Amino acid sequence: MRTHFKLLLLFVLWANTALGSPDSSYVQAKLSRIDSLLHQDPTGFRTELDRLASELEAKKADKVLRGRVAIRQGISYYYLGTYDTCETYIGYAIDVLRGSVYKSELAKAIRIKGVLFMMDDDYANAWDQFNESLSIYEALNDTIGIGDNNLSIGIINQHRGHFENALNHYSKAEQYYRAKGLEIKLGPIYNNVGSVYNNQKNYDSAIVYLKKSVGISLKFNNLTSLQNAYHNLGTNFSSLNQSDSAIHYYELAVGLSQHDIFNLAPTLVVLGHEYQKKGLYSTAMQHYNEAIKLSEPNHFFVPLKEAHFNISEIAIVKGDYRTALDHYQKFTAYSDSQSANIFSGRLAELETLYETEKKEAEIQSLKTLQSEQEATLKLRKKFNYGLAIAVIVLIVFLILLVYNRKKLGASREEALVLNQSLSRKSAELEDKQELLLETMKEKDELISLLAHDIRSPFTKIISLMEVVKLEGVNGQDLESYLGLIENVSYDGLALIQDMVDLSRIQDSELIPSRAQDRRFSVNEIIKKQVQFYQSQVTAKDLKLNLNLDQDVELVNKASFFERTLDNLLSNAIKYSRKGGNIVLKSELDADFFHLYIQDEGPGFSQSDFEKVFQKFQRLSAQPTGNESSTGLGLYIAKTFTKAMRGELELISQAGEGAHFHIQLPLR
260 MRTHFKLLLL FVLWANTALG SPDSSYVQAK LSRIDSLLHQ DPTGFRTELD RLASELEAKK
320 ADKVLRGRVA IRQGISYYYL GTYDTCETYI GYAIDVLRGS VYKSELAKAI RIKGVLFMMD
380 DDYANAWDQF NESLSIYEAL NDTIGIGDNN LSIGIINQHR GHFENALNHY SKAEQYYRAK
440 GLEIKLGPIY NNVGSVYNNQ KNYDSAIVYL KKSVGISLKF NNLTSLQNAY HNLGTNFSSL
500 NQSDSAIHYY ELAVGLSQHD IFNLAPTLVV LGHEYQKKGL YSTAMQHYNE AIKLSEPNHF
560 FVPLKEAHFN ISEIAIVKGD YRTALDHYQK FTAYSDSQSA NIFSGRLAEL ETLYETEKKE
620 AEIQSLKTLQ SEQEATLKLR KKFNYGLAIA VIVLIVFLIL LVYNRKKLGA SREEALVLNQ
680 SLSRKSAELE DKQELLLETM KEKDELISLL AHDIRSPFTK IISLMEVVKL EGVNGQDLES
740 YLGLIENVSY DGLALIQDMV DLSRIQDSEL IPSRAQDRRF SVNEIIKKQV QFYQSQVTAK
800 DLKLNLNLDQ DVELVNKASF FERTLDNLLS NAIKYSRKGG NIVLKSELDA DFFHLYIQDE
860 GPGFSQSDFE KVFQKFQRLS AQPTGNESST GLGLYIAKTF TKAMRGELEL ISQAGEGAHF
920 HIQLPLR
């Protein structure tokens, strides 16, 4: 099986000085705002670009301005994996930007076109595109662009086996990035350098650079770079025949790739191969089948081809030649014509083995049929004897039937009563079975949720601790890493708290019997929650405005009120963009206490309103700071508010920030 390495390219959006007409100034202002959404809100990034493109088209704006928008549209489709659409936008941008004043953006578009050539293994055209882009950046003295193209040229050299040239270009890229203080870009470079050393079988140097990449990626929370570094560490240890270490790092990479199918599929294949080498075929097959399921609809031919090949090899070991032949045929179907000729001999061998297996099965089937016929003759003889005995028994039975006919009349009524009782019991059992199936479904959802969401914070904590141990971090850097560990721990704690609340709700439908009423100050609990989240508010540069009416003491379930407020306030922080506002406002009237929680986050789509208070619901909006979300918080808040004889309602409009209203009785 071919050794897999993950090589990283860097796409960075830019901020050019607005040039030319007022229209160009207007477009520049729009693009500057849209560029900030690329990593925070990819969907919003693409939506805003399409809206701006439509606006420029309607106004028949200058083609150059539309070309600047087209570059970004191409990048958005690149990240979606829709490469044909990406190529269309990038080609249009290059055509209209040639000869314009936007040289930097032209160079960016040419480099992206080179990346598309490289993905098709067309290294000659990719080389030409990267060198043209590099020449433009050198004329502009744009050190970041020069660094990006050196990185791309290094990758081409590495694919061609020119490892020293690759290291030379990676070194140049590092120098340019360091000159600009761009430490965040060093993670992908170290990852690529580590893979070069692995190609050269210099495994110790490979491990050093790959772990440097892990440290920088963790520091800047660059999950894509971190996933690739873990993948390459797994490949390095696989080359050393250290399967346990390889599996450890591949598992970490899989844990970080759950929402990135482009990287997840090949990592599942190499992870499955490590289990295959250890003889754990069932586990290996699970990973291969998952990779195939991800790859087929997305046309990821490399992982598809290798997954089918490895399944074929496992089937041969097990003597299942039909399965082996089926998957080997699929493997050759995804190979090019030259490779197909090489593998034709192997295919013929498998076909022969399968035909032999079929003939042996036919012979065995004939032997079985003969044995069955002999057994049938014996059974017929026994049947004849049995039939004679049955006739005698039947005669005796008829005599007894006549004798007991009168007694049977009385028994019918008793049987009718018994049948009615059985019908009722059957209906009760069906109801209980339906309840059991619903409970099992919720259990499966809960296990799936825990398996997915709770792994992420613990993976990050383990990774951060490895870096601290590896590099002997101390002083201010240690405080920084401890701060990261603290934030991830809070995410894990919030997930566990939601699981505890869900357990309390499912333990009994009569929640009021599980929590006693007591007198409490609402303002005291509100201020306590605000103080608890102050560090997270500060970390995201949010403004939390309190506008509280006079304090009031309620006799109700204080713990439920505290958990409800905790869920709503934590959601407001999770979904607020950096620098946003959160408002907590309370009001009193003659009969009720009212509390309003409002944020400036993405809010809810029209389809969200129907399921916002249902459990295990992942809504359209995503946390803005990579925080975790279980899909339980609003369900728990709604249930607890109902148990307090109150109401929780969503009063915001679609597309606006979230705005919730809690109403509790004063008496």
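Convert by adding 259 to the 1-based position in the sequence shown; the result is the number in this note's numbering.
Just so it is clear, CB atoms sit at the ideal spot from N, CA and C, and this is done for glycine as well.
If you're wondering where the values come from, they're calculated on a predicted model, not measured in any experiment.
What's the C-alpha gap between residue i and residue j?
i: L477; j: E886; result: 15 Å
i: E908; j: K837; result: 26 Å
i: L813; j: Q332; result: 55 Å
i: S554; j: G373; result: 24 Å
i: S363; j: D401; result: 8 Å
i: E423; j: D407; result: 18 Å
i: T341; j: I785; result: 47 Å
i: I1013; j: D736; result: What the structure shows of the chain is the stretch from 260 to 926, and residue 1013 is not part of that stretch, so it cannot be assessed.
i: A649; j: L659; result: 15 Å
i: I573; j: Y348; result: 44 Å
i: L530; j: F590; result: 19 Å
i: N409; j: N481; result: 21 Å
i: K641; j: L653; result: 18 Å
i: S680; j: E693; result: 20 Å
i: I832; j: K787; result: 16 Å
i: E906; j: R292; result: 39 Å
i: L297; j: F304; result: 5 Å
i: D309; j: Y361; result: 21 Å
i: F779; j: Y508; result: 50 Å
i: N390; j: N733; result: 43 Å
i: T898; j: E689; result: 27 Å
i: L515; j: S484; result: 10 Å
i: I575; j: A583; result: 6 Å
i: N678; j: S685; result: 10 Å
i: F919; j: L827; result: 8 Å
i: A902; j: S845; result: 20 Å
i: R926; j: D858; result: 30 Å
i: S541; j: L499; result: 24 Å
What first and last residue would you give for the beta strand (DSSP E) that runs through residue i?
i: S780; result: 777-780
i: K844; result: 840-847
i: E908; result: 906-909
i: N815; result: 812-815
i: N569; result: Segment 560-577 is the alpha helix (DSSP H) holding N569; no beta strand (DSSP E) there.
Run through the DSSP bridge pairs and tell me what residue i is partnered with.
i: Q790; result: DSSP, once it has assigned bridges, lists no residue as partnering Q790.
i: Y855; result: K844, H920
i: R901; result: Note that residue 901 corresponds to Lys in the displayed sequence, not to Arg. According to DSSP, which records beta bridges pairwise, K901 is partnered with nothing at all.
i: K799; result: Its beta-bridge partners do not exist; DSSP assigns none.
i: N522; result: In the DSSP output, where bridge partners are listed per residue, N522 has none listed.
i: L653; result: According to DSSP, L653 bridges with nothing at all.
i: N804; result: V842
With residue i as the anchor, note down where its alpha helix (DSSP H) starts and where it stops.
i: D343; result: 342-356
i: N491; result: 482-498
i: L365; result: 362-378
i: L469; result: 462-478
i: R437; result: 422-438
i: A512; result: 502-515
i: L393; result: 382-399
i: G860; result: Neither: G860 is in no alpha helix (DSSP H) and is coded neither H nor E.
i: G404; result: 402-418
i: I551; result: 540-554
i: Q588; result: 580-592
Hey, out of the options, whose CA is closest to residue i's CA?
i: L843; options: Y338, D808, K901; result: D808
i: L315; options: K799, V328, H428; result: V328
i: D848; options: H418, A880, L923, S630; result: L923
i: F868; options: G892, F899, I910; result: I910
i: K322; options: T306, G358, V513; result: G358
i: L805; options: F863, Q793, E442, I353; result: Q793
i: Y396; options: F376, N416, A366; result: A366
i: H853; options: H558, G890, D810, L893; result: D810
i: N840; options: A383, G404, Q876, I856; result: I856
i: K439; options: S866, I403, Q795, R777; result: I403
i: I895; options: D825, G860, N451; result: D825
i: N461; options: V513, N495, Y662; result: N495
i: A592; options: N569, L563, G578; result: L563
I want to see whether chain D comes within less than 8 Å of residue i, judged by CB atoms only; does it?
i: Y337; result: Here there is only one protein chain, and chain D is not present.
inquiry  = With three or more beta-carbon pairs closer than 8 Å as the criterion, would you say the region 521-538 touches the region 548-564?
reply    = As far as the Cβ criterion goes, the region 521-538 touches the region 548-564, which means the pair count is three or higher.
query = Would you call the region 444-454 and the region 478-488 in contact, with 3 or more CB pairs under 8 Å?
reply = With the cut-off at 8 Å, the region 444-454 and the region 478-488 touch.
query = Using 8 Å as the Cβ pair cut-off and three pairs as the minimum, do the region 427-443 and the region 456-472 touch?
reply = At 8 Å Cβ cutoff, the stretches do not touch.
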